[in-house]
Each structure stands twice: as structure tokens, then as C-alpha cells.
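Numbering (the working numbering), first residue to last: 55 to 284.
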């Protein structure tokens with residue numbers, strides 16, 4: 055699959071990343087300010103269950119959603135409207151529960167594989183696949199897609215990479231290695247090249263590599279207050 059989908063899809067919003075796609079010529083300072091604000095107000099972007107607490111007591115409504123999704127993707131034609139309703143309207147915590155429970159109910163089969171087989175991997179199919187994956191795996195997929203083809207699409211990288219807590223950056227790097235067998239830092243260092251993509255002096259590459267190092271100060275609600283932010 056090529057990178058044409060990036061012309062139309064704000065995939066960072068779909069997959070549970072920061073969800074704001076900046077204009078390509080904003081300064082590094084404005085990006086850092088935006089990411090710092092997110093880091094102060096929302097230390098973890100992934101649901102708690104991604105952080106070493108897998109769902110145990112999953113409500114019956116999740117089983118019902120799994121059944122609805124399975125039926126919508128099987129039979130005579132794929133009911134994409136139902137898939138969108140069941141996946142796009144839910145928070146990432148519930149989508150993670152659906153992913154977990156679907157595997158339990160269907161002999162360890164992944165929900166995203168079902169979506170890919172029935173909806174393909176073009177714009178709509180890829181968007182639904184991202185919604186059907188654990189959020190860390192979805193972000194890893196976004197990064198992989200953004201660094202395929204003729205040069206990395208820098209504007210799609212920083213909504214996923216910046217503003218992460220140290221623990222979430224570690225989860226993201228683990229998810230990328232698990233999915234693609236390559237260290238994320240090595241991938242970005244190679245694909246970003248030396249021209250800095252958006253910023254001609256190479257500052258953008260340096261900024262993203264610093265994000266990958268997981269050097270964010272841990273969130274402390276008593277220290278990171280609105281008064282200090284001002």
C-alpha cells in the first residue's frame with residue numbers, strides 16, 4: 055500500500071494519538087509548547103489497562119459489541135456503517151476491551167485481521183484497522199505507514215510521538231519492535247535523513263529523536279499546576 059492515504063486522512067486522530075495535525079511550517083517552539091501543555095494536563099494518553107493492567111472483568115456489553123462487529127464483517131457484504139458505529143464511537147479503553155475479548159471468543163484471532171480481510175487497507179479499511187487495534191500498536195502502525203515510500207511524512211509523526219510520558223514512550227517502542235522487528239529510533243533515524251523534512255536545518259529530526267529518548271519529567275499534580283503553566 056502506498057502513502058496516498060496521508061493526503062486525506064488525519065490518522066493521528068483516528069488511532070488515539072494526540073489528535074492534532076499541525077500545519078507543516080509551524081516552528082519547533084510552537085510544537086514544543088503544545089506538547090508540553092498536553093504533557094502537563096494528560097500524563098498518559100493510553101488507557102490504564104495498557105499500563106500493565108489487562109482487562110479482567112469485561113462487561114457483557116463488550117461481548118455484545120464483539121458479536122455485532124463479527125456479524126457486520128461476515129456474511130453477504132461488509133456492513134461498514136455498523137463497524138464505524140461500534141468502533142469509532144467508543145473511547146480507547148472500550149476498544150481495547152473489544153480487542154481483548156474478541157481474541158478470547160475467536161481462538162486468539164485478531165480483530166484487525168478480520169477488518170483487513172473484509173475492508174482492505176485503503177483509507178477506510180486502514181482507519182477501521184487502527185480503531186480495532188490496541189492503541190500502542192495502532193500508533194506503531196501509524197509511524198510505520200508514515201515512514202514508508204518516498205520519504206517520511208513528518209507532519210504525521212509528531213502528533214504520535216510528542217507529549218508522551220516516559221512509560222508510554224517505552225510502550226510505543228516495544229509495540230513497534232514487536233510488530234516490525236526493528237528499533238523505532240533506528241527506523242526514524244534512517245527515514246528522516248539529514249534534511250529535517252519540514253525544517254530545513256534538521257531541527258525537526260533532532261526534536262523527534264529527543265522525544266524518543268523518553269526524557270519527559272514525570273507528571274506531578276502538586277508541581278504541574280495551572281499557575282505555574284502561566
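Ideal placement from N, C-alpha and C gives every residue a C-beta, glycine not left out.
Taking DSSP as the reference, what is the three-state secondary structure of residue 279? coil
Please report the straight-line C-alpha distance between residue 260 and residue 112, rounded to a whole angstrom. 42 Å
Terminal residues of the alpha helix (DSSP H) in which residue 188 lies: Element bounds for residue 188: n/a, residue is neither H nor E.
Could you tell me whether the Cβ atoms of residue 142 and residue 133 are closer together than 7 Å? no
Could you tell me whether the Cβ atoms of residue 150 and residue 101 are closer together than 7 Å? yes
Quick check: the Cα distance between residue 226 and residue 194, rounded to an integer number of angstroms? 6 Å
State the CB to CB distance for the pair residue 152 and residue 120, rounded to an integer number of angstroms; the pair is presumed to be in contact (CB under 8 Å). 6 Å
Quick one: residues in its chain with C-beta nearer than 6 Å to the C-beta of residue 243, no 5 flanking neighbours on either side, listed in chain order? none
Please report the residue range of the alpha helix (DSSP H) in which residue 151 lies. 146-159
So, is residue 219 buried or exposed, given that buried needs 16 or more other C-beta atoms within 10 angstroms? buried
Give the secondary structure of residue 106 by DSSP, where H, G and I count as helix, E and B as strand, and everything else as coil. coil
Please identify the residue among 146, 115, 281, 238 whose C-alpha is closest to the C-alpha of residue 188. 146
When the Cα of residue 232 is compared with those of 98, 103, 170, 191, which residue comes out closest? 191
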